[in-house]
Amino acid sequence: MDRIALTAGALYVIVLLRAGGTFAVGWLAGAGARRSRFAERISSAKFRRAERAIQRWGAPVVAVSFLTVGFQTAANFLAGSMRMPLPRYLPALFVGGAAWALIYATVGLGVLGVLGRLFAEQTALGVSAVAVLLLAVCGVVVYRRRRAALSSRDTVAEES
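Under our numbering, the residues of the sequence shown are numbered 28 to 187, in order.
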């Protein structure tokens, strides 16, 4: 139990620094955009409505984003760039970050334990499982890249 608590605590500090840093970078990027040539575009009524909605209702989205893969950075950056007030952002960060740290500490340690036992007791099966996992990841990456290349070709063909 101590190992899970220590891991969860370390992950919690990491996620607070990472997500809080992403929020700060978003805040700075938003401030820079407001002073740039895009200032006119982002001062429209439609943009201001979206900004107010994110400032008001974005905290639950930020908290839930920690339970997703790949969306947390975007949610934290958007919250910063849209100037979500800190009294709304920080509770979402603390709750979402705690959930993320706890899930990764328990499930992550469990998976590492299973893999450790698998490699210790049946090395060939462990190596095979890792090889299959790596091949699956490579297959997904190749598939996505090909699909993106095809869609960019279609876009270029439509523009011509």
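For each residue, glycine too, the CB sits at the ideal point set by N, CA and C. If you're wondering where the values come from, they're calculated on a predicted model, not measured in any experiment.
In this structure residue 36 is exposed. Its beta-carbon is surrounded by fewer than 16 other beta-carbon atoms within 10 angstroms. By the CB criterion at 8 angstroms, residue 128 and residue 38 fall inside the cutoff.
When the beta-carbon positions are compared, residue 125 and residue 50 stay at least 8 angstroms from each other. It is roughly 22 angstroms from the alpha-carbon of residue 100 to the alpha-carbon of residue 133. Secondary structure at residue 112: coil, using DSSP grouped into helix, strand and coil.
By the criterion of at least three beta-carbon pairs nearer than 8 angstroms, the stretch 53-71 is not in contact with the stretch 141-149. If only uninterrupted alpha helix (DSSP H) runs of at least 4 residues are considered, those enclosed by the stretch 33-94 are 72-92. In this structure, the straight-line span from the alpha carbon of residue 150 to that of residue 163 is close to 20 angstroms.
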